[in-house]
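In terms of the working numbering, the sequence shown opens at residue 14 and continues consecutively.
Working notes, beginning with the structure itself.
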Amino acid sequence: MHYDVVLVNPPLRGITGYEHIGLEYIASFLRKNGISVKVIDPRLQKISPAKAVSDILDWNPKIVGVSIPFQDYVFDSIRFITQMRKFGIKCHISVGGIFPSFAYRELLETFPQINSVVLGEGEKTFTQLAQNVLQQRDWHQTPCIAYSSDGETKSNEIKPTLTDLDLVPFPSRDLLPFALKTLGYAAIVSSRGCFGRCNFCSVVPFFSLSGNKLKMRSAENVVEEITYLVKEHGVQFLAFNDANFLCSRERAEEIARLLIRKNLKIRYSIECRADSVERGLFKLLKESGLRKVFLGVESGSQSMLDRLKKDTTVEDNLRAVDILSELNIYTRLGFIMFDDRTSIEEVEESLAFLRKVKRKMPKGKLKGVSITARLLPLAGTEFEQYLKVSKKYLGSTFNYDYKIDDPMVRFLYRVNRFFYVSSTGFLSFLHLANRWENRWLKEN
């Protein structure tokens, strides 16, 4: 069997796999343009990397697209690419994702195994790149890509790609059977981008590359896809992969009402900001099937929230927790305990906040909150640029680090590196001498 293109979500350490809906969208675009494509995820499909590479060799594609989905897992993706080259796969290899879009220079200069990097959203760009490769045209002229030529890294003009998401074909769902078997749910994306300006998030910078920091599908279009997933694939649980499902309250309400009106017996999860949580809205969402929420509170300290540019308050966070608790909705908190300027007072405030949250949420309805998390200087983010300008950025794009200013906080963070703890349990390492340990232990 021959395929013109193979799209790969490479095996990542400690991750069982997931439905890579971005690759499925690209596959849908390719097929719409008459290009044969195979989508694989070795970890999700429970095949070894060696078997996956051997299959790719047998399929003899002209171009392989490899996702680099997470900055911390870049070497896992590179390891798979290197293995392909060692097995004798000589075709064009292109990589894409948020991280490659901002670190294309470092990738191309460090890893000659890569021929090109797709910048920004991949559907149109990768399809055009594949067409150029397959038709033996000069692929270097493809818009929205970067590549190396004569020892120099070059990037072509980034143009707006997808403006109306309702016109984008539904993703191909090649990986859905494996996702349902392994994970029990399907992925769906109803919007791209966010209206927020959080200094640590790479979502807005990524989608801003093509001119639009936020694009949303219509409620009708979203529910049409959900109907298809329920009726054709028997999907019972959906995970909305939107960075913020509630970018529009009106649209969220319309989606919920359509789900109720169509009597679609679906359960789903969303991600959202704390200031978007409103009692009436979430009662409606729960009625339509909402069961889980990833809530981006990030901190229980107002000074840290301001520094993160969350544009929210601690009161917003607590109010959101109150509402989710009242509605008995399973909640997971996005939480960042440390950045370079975190003070002991801010740590105390965040711990006090988590104590309140722990008491508010019904037993079993609050997913363990890591208090070890440090703010990551992800490529393309304002926080990364701040660290570089202030000369605090240490290491490289592939192995970054920075120093926490306060010596006591720095000590606490180092302890955390050795003792992974969850706020839903007792903090056993706090006996290692810090001035708030007794207060914490007594109040728990």
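Beta carbons: idealized from backbone N, C-alpha and C, even for Gly.
Computed from a prediction, not measured in an experiment: that's the story for all the values here.
The alpha-carbon separation between I171 and L294 amounts to approximately 38 Å. Per DSSP, D419 lies in no alpha helix (DSSP H) segment and is marked neither H nor E. Of all alpha-carbon atoms in I94, I48, F83, S168, the one lying nearest the alpha-carbon of L70 is that of I94. The C-beta separation of S185 from E37 comes to about 5 Å, placing the pair in contact by the 8 Å criterion. Counting other Cβ atoms within 10 Å of its Cβ, H105 reaches 16 or more and is therefore classed as buried.
For V21, the uninterrupted beta strand (DSSP E) segment begins and ends at 18-21. DSSP, reduced to helix, strand and coil, places I279 outside both helices and strands of the structure shown, so it counts as coil.
By the neighbour-count criterion, in which 16 or more other beta carbons inside 10 Å mark a residue as buried, L407 falls on the exposed side. Counted as a single uninterrupted DSSP element, the stretch harbouring V382 is not any alpha helix (DSSP H), since DSSP gives it neither H nor E.
Note that the C-beta distance between Y426 and R368 is not below 8 Å. With a 10 Å radius around the Cβ and a threshold of 16 neighbouring Cβ atoms, T29 comes out exposed.
Shortest Cα-Cα distance from V243 to any of C260, L259, L189 involves L189. By the beta-carbon neighbour count (other beta carbons within 10 angstroms, threshold 16), Q58 is buried.
R205 has K228 as its beta-bridge partners, per DSSP. Apart from sequence neighbours up to five positions away, the residues of its chain that approach F115 with a beta-carbon distance below 8 Å are S215, P218, F219, A392, G393, ordered along the chain. In the three-state reduction of the DSSP assignment, Y198 falls in the coil class, being assigned neither a helical nor a strand state. With 16 or more other CB atoms across the displayed protein chains lying within 10 angstroms of its CB, R205 is buried.
In the three-state reduction of the DSSP assignment, F183 falls in the coil class.
A contact is defined here as three or more CB-CB pairs under 8 Å, and the region 345-361 fails this definition with respect to the region 239-254. Comparing C-alpha distances from F88 to each of K137, R26, V77 shows the shortest one belongs to R26. Just measuring C-alpha positions, the residue of E165, K64, I102 sitting nearest N73 is I102. Taking the Cβ atoms as the reference, I76 lies roughly 16 Å from A159, outside the contact range of under 8 Å. Here DSSP, grouped into helix, strand and coil, assigns A159 to strand. In the structure shown, H153 adopts helical secondary structure according to DSSP, grouped into three states.
Its Cα nearest to that of K322, the residue V310 stands out among A333, L331, V310. One alpha carbon belongs to V290, the other to N276, and they sit about 24 Å apart.
Going by DSSP, L321 is part of no beta strand (DSSP E) at all; its letter is neither H nor E.
Shown here, F83 sits in coil according to DSSP, grouped into three states, outside any helix or strand.
It is roughly 11 Å from the alpha-carbon of A65 to the alpha-carbon of V19. For K167, DSSP records a beta bridge to Y160.
In the structure shown, F348 adopts extended strand secondary structure according to DSSP, grouped into three states. Taken through DSSP and simplified to helix, strand or coil, R354 comes out as coil. Within the DSSP secondary-structure output, E311 pairs in a beta bridge with F348. Under DSSP, H105 takes part in a beta bridge, and its partners are I76. Taking C-alpha positions only, A365 is separated from F213 by approximately 23 Å. A265 places its beta carbon 8 Å or farther from that of D329.
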